[in-house]
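S.K.: Pasting in a structure now, in structure tokens, and then I'll have a few things to ask.
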Amino acid sequence: MNLHLLNKEQKIAVEHKEGPLLVLSGAGTGKTRVLTSRFVYIVKNLNFEFNRIVAVTFTNKAANEIKERVNKDLKNNIESPWIGTFHSIFAKFLRKHASFVNLKNNFNILDSEDQKKLIKQVLEYCKLNKDISESIYLNEIQNLKDEKIFPQDKSKILKYSSLENIDVIYELYQKRLIELNAVDFGDILLHSYFILINHKDIKESYSNFIQHILIDEFQDTNLLQYDLIKLLLNDNQNLF
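Pasting the structure below:
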């Protein structure tokens, strides 16, 4: 890690000791370099184990870039389940605790085409108006999941969405996913959130173990992602 490659403001951010820190910068100003330098600084200078640091990005490409840079600076081929996108990190978490949401740990993650086939079956079962496309229903269900609204939250669903029969469709769609031992991308985060808020022992074991959380492109986090991160934070509030 070459701190002399950083400018004054970047160096201040990287050498931050503890507590939350928000780094504001425009495109192309070296945010990824600051994030990876921060990761390495925490390991080398603050003496934390690399697998107790969460580093979240929004693309697999960015996650791989962070791993490569950290490996190079630490001169070590680290493999951490905590470096990746929100979905890749919490998919691993969910496989470990799948039974708490009535899934087996070998559940399938449905792609967009499989989701369309499934919602189509649900719509045919409900004998609903074909004028509204499968994609519109799927987008609305994804929005409900991003807002932390579960299929049993009927009043919240109807308050949030004006789409006709969305409460019935959401509930049946979710029921079929469980029966198929499958999840969609929204479930990866919503199921993880459900487990963390309903099982205090699991939440505390993770928040006690994780010592630092680094998030790239923090402004792009939605409500569910932000609340998941807050559940993993401990009293030190080391969020970068």
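Residues in the sequence shown are numbered consecutively from 868, following this note's numbering. Ideal placement from N, C-alpha and C gives every residue a C-beta, glycine not left out.
Would you call Glu946 buried or exposed, if buried means 16 or more other Cβ atoms sit within 10 Å of its Cβ?
M.R.: As a position in the sequence shown, residue 946 is number 79, starting the count at 1. It counts as exposed.
S.K.: Using 8 Å for Cβ pairs, my map puts Ile1082 next to Ile1096. What's the rounded Cβ distance?
M.R.: In the sequence shown, counting from the first residue as 1, residue 1082 sits at position 215. In the sequence shown, counting from the first residue as 1, residue 1096 sits at position 229. Confirmed, Cβ separation roughly 7 Å.
S.K.: What does DSSP give as the partner residue(s) for Leu1081 in the beta ladder?
M.R.: Residue numbering aside, residue 1081 sits at position 214 when the sequence shown is read from its first letter. Beta-bridge pairing links Leu1081 to Ala922.
S.K.: With burial defined as no fewer than 16 other Cβ atoms inside 10 Å of the residue's Cβ, what is the status of Leu1090: buried or exposed?
M.R.: Locating residue 1090 in the sequence shown gives position 223, where the first residue counts as 1. Leu1090 is exposed by the Cβ-count criterion.
S.K.: In the DSSP assignment, what residue or residues form a beta bridge with Ala1049?
M.R.: Residue mapping note: residue 1049 aligns to position 182 of the sequence shown, counting from 1. According to the DSSP secondary-structure assignment, Ala1049 is paired through a beta bridge with Asn975.
S.K.: Out of curiosity, what's the CA-to-CA distance linking Ala922 and Asn1010?
M.R.: Reading the sequence shown from its first residue, position 55 is the one you call residue 922. Reading the sequence shown from its first residue, position 143 is the one you call residue 1010. Distance between the alpha carbons of Ala922 and Asn1010: 25 Å.
S.K.: Would you mind working out which of Asn1006, Leu1005 and Val1035 sits nearest Pro1018, comparing C-alpha positions?
M.R.: On the sequence shown, residue 1018 is found 151 positions in, with the first residue counted as 1. The shortest Cα separation from Pro1018 among Asn1006, Leu1005 and Val1035 belongs to Val1035.
S.K.: Throw me the rounded Cβ distance for the Asp1051 and Leu977 pair, which I believe falls under 8 Å.
M.R.: Residue 1051 sits at position 184 when you count from the first residue of the sequence shown. Residue 977 sits at position 110 when you count from the first residue of the sequence shown. Contact holds; Cβ gap of about 5 Å.
S.K.: Please classify Ile1062 as buried or exposed, where buried requires at least 16 other C-beta atoms within 10 Å of its C-beta.
M.R.: For the purposes of this step, residue 1062 is identified with residue 195 of the sequence shown, where counting begins at 1. Buried, since its Cβ has 16 or more Cβ neighbours within 10 Å.
S.K.: I'd like the span of the alpha helix (DSSP H) that includes Ile1115, first residue to last.
M.R.: Outside the modelled stretch of the chain, which goes from 868 to 1107, sits residue 1115, for which no answer is possible.
S.K.: Does the count of Cβ pairs from the region 1053-1069 and the region 964-972 closer than 8 Å reach three?
M.R.: Yes, they touch.
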